[in-house]
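J.:
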Amino acid sequence: MTKILISGYYGFHNAGDDAVLYGIYSSLRKLDPTVEVTVLSNSPEETMQLFHIHAVNRWNALDIVKEIRRADLVILGGGTLLQDRTSPRSPLYYLGIAGLAKGMGKPVFFYGQGYGPIIHPFSKRIIRFLLNRMDAITVRDSLSGEEMRSHGVTKVPIYVTADPALTIDPLEADLEDARRRLTKHQVDPDAPIAYIAIRDWKGEEHFKEELARCGDSLSQSGWQVVFLSMQYPHDHSPSVDVMSKMKNRAVLIDQPLNFKEIMSLIGLGQLMIGMRLHALILAAIMGVPFIALSYDPKIDRFVESVGKSSPVRIETLDGDALMEEVKEILLRLPEERMELKQRIGPITDQAFESARLLYRLLEKKKQEEKR
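Quick note: the sequence shown, position 218, residue 377 per the working numbering, numbers continuous.
1. In the DSSP output, which residue or residues are listed as bridge partners for M431?
2. Only counting the same chain, and skipping five residues up and downstream in sequence, which positions put a Cβ closer than 6 Å to that of A442?
3. Please say whether L289 and G258 have beta carbons closer to each other than 9 Å?
4. What residue range is occupied by the uninterrupted alpha helix (DSSP H) comprising F171?
5. Would you tell me roughly how many angstroms separate the C-alpha atoms of D169 and A371, rounded to the nearest one?
6. Under a three-way DSSP split, which group does R502 fall into?
7. Can you tell me which of the three DSSP states R248 falls into?
8. Count the CB pairs spanning the stretch 352 to 371 and the stretch 465 to 485 that are closer than 8 Å, and state whether there are at least three.
9. Going by C-alpha distance, which of L499, A438 and S403 is nearest K467?
10. Ignoring anything shorter than 3 residues, give me the beta strand (DSSP E) runs that lie fully in the stretch 208 to 273, in order along the chain.
11. Can you say whether W218 is buried or exposed, counting buried as having 16 or more other CB atoms within 10 angstroms of its CB?
12. Counting Cβ pairs, one atom from each stretch, are 3 or more of them under 8 Å apart for the stretch 273 to 286 and the stretch 185 to 192?
13. For D243 and R460, which I take to be in contact (beta-carbon distance under 8 Å), what is that distance rounded to the nearest angstrom?
14. Just to confirm, is the Cβ distance from S464 to A321 under 9 Å?
15. Using only the alpha-carbon positions, how far apart do E494 and E487 sit?
16. With three or more beta-carbon pairs closer than 8 Å as the criterion, would you say the stretch 167 to 181 touches the stretch 233 to 253?
17. Name the DSSP bridge partner or partners of T297?
18. What's the call for A178, buried or exposed, on a 16-neighbour Cβ count within 10 Å?
19. Quick one: give me the first and last residue of the alpha helix (DSSP H) that Q379 is part of.
20. Please determine, among C373, D394, H211 and S380, the residue with the shortest C-alpha to C-alpha distance to K404.
21. Along the beta strand (DSSP E) that carries T197, what are the first and last residues, could you check?
22. Which residues does DSSP list as the beta-bridge partners of K162?
23. For a quick check, are the C-beta atoms of N291 and G311 less than 9 Å apart?
24. Starting from F386, follow its DSSP beta bridges and name the residues at the other end.
25. For V471, write down the residues that DSSP places opposite it in a beta bridge.
26. Which class does Q526 belong to by DSSP, given the choice of helix, strand or coil?
27. Going by DSSP in three states, V465 sits in which element: helix, strand or coil?
28. Just to confirm my understanding: we take I440, look at its own chain, exclude 5 residues before and 5 after, and list those with CB closer than 8 Å. What are they?
29. If you drop the 5 nearest sequence neighbours on each side, which residues of the same chain put their C-beta closer than 6 Å to that of E306?
30. Please go through the same chain and pick out, in chain order, the residues whose beta-carbon is closer than 7 Å to the beta-carbon of L209, but skip the five residues on each side of it.
31. What's the C-alpha gap between P456 and K529?
32. Cα separation between L516 and S186?
33. Using CA coordinates, which residue listed in P415, L387, Q414 and Y184 is at the minimum distance from R435?
34. Can the beta-carbon of G446 be found closer than 9 Å to that of I357?
35. I need the boundaries of the alpha helix (DSSP H) containing G478, first residue and last residue.
36. Please name the residue, chosen from K524, V267 and I421, that lies closest to N173 on a Cα-to-Cα basis.
Printed below as a string of structure tokens:
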């Protein structure tokens, strides 16, 4: 039985990262139903409850060493683990796990990751040193691969695949549960719904007023405006801020939701306006047209990958212009949905390629051990 340890940003009540973990886990199990997976998590009990897999505390050094020792391979991913815009310490934890695993003689596979921005020279040096000693890297977009190579990661194969969350089957959505949840919040599941999924972003407060203007325009046009929190309670405050600036009614699903519950809700909607990358990805999976509000290169890269026009920049957001874009989508809603489904198909297969490459690497390692 193959044993795999996964390290990523898990157990932090972030539905997007949980969607990534589920995408990785389900892809591995499709290729090997007997695979035994352990996750390093900030909340091991919650991770075990949600995924029914083994999890240990990501801050317990003894548990980490124990699980690396038992593993046949260590995965780092997905998400954007290697970025230092928030703090130069951000990448060090994951690089430490990778370095420890290599020091213990374990293959390390970077799985479907985004990359950057990396702005500190020290981060670039340590990334170059450690990543060139990894066994294989898959990135979720071509620009992440190009940026890695520009930082000197040239001695390890880098494959462009796609975000692991894109492998989630839309048939796993529970639309009946979503209908009950919407009804409980006095939202008619059979009437038009526009979802908004935002986060706070330092120094960019004006976008909330502009988004409120767009929300009011939607409401005046007969739409129900519903706010979702991808990371609860972090996304609660900015959603309330926007709603407080609106003149018309909007609804906030004011509770923690897992990625399947959010995916199910989105599946009953007709539009997603989102800052959160995985709100956009879950919308794409469910065939729901979206407008991306970009605060980070990862948003731009995903939008490009599905062949959509450039996202709306947070710093230049204009409520009236946003509403015009909404109207353009709504005028051709059936075509938008069909085109989105057609684009997502090939990208889903690209995302699954990460799992195929991982098992090829494992098989190669096993053959080398027999020699």
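Idealized CB from N, CA, C, for every residue including glycine.
T.: Let me lay it out:
1. Y354 and F449
2. I425, M431 and F449
3. Yes, the Cβ-Cβ distance between G258 and L289 is below 9 Å.
4. Looking at the DSSP string, F171 is not in any alpha helix (DSSP H), and its letter there is neither H nor E.
5. One detail in the question is off: residue 169 reads as Tyr in this sequence, not Asp. Rounded to the nearest angstrom, the two C-alpha atoms are 32 Å apart.
6. In this structure, DSSP gives R502 a helical state, which the three-state scheme calls helix.
7. coil
8. Short answer: they touch.
9. L499
10. 213 to 216 and 232 to 241
11. exposed
12. With contact defined as three or more Cβ pairs closer than 8 Å, the stretch 273 to 286 and the stretch 185 to 192 are not in contact.
13. Actually they are not in contact, since the Cβ atoms of D243 and R460 sit about 18 Å apart, beyond 8 Å.
14. yes
15. 11 Å
16. Between the stretch 167 to 181 and the stretch 233 to 253, the count of C-beta pairs closer than 8 Å reaches three or more; the two stretches touch.
17. Y318
18. buried
19. Boundaries of the alpha helix (DSSP H) harbouring Q379: H365 to Q379, taken from the DSSP string.
20. C373
21. E195 to S200
22. Answer by DSSP bridge pairing, in chain order: E195.
23. yes
24. I355 and L411
25. L452
26. helix
27. coil
28. Excluding residues within five positions, the ones whose Cβ falls inside 8 Å are G175, A178, D322, A324, L325 and F461.
29. Y274 and G275
30. D177 and N417
31. 44 Å
32. 11 Å
33. R435 has its Cα closest to that of L387, out of P415, L387, Q414 and Y184.
34. No, Cβ-Cβ distance for G446 and I357 is not below 9 Å.
35. G478 to L490
36. I421
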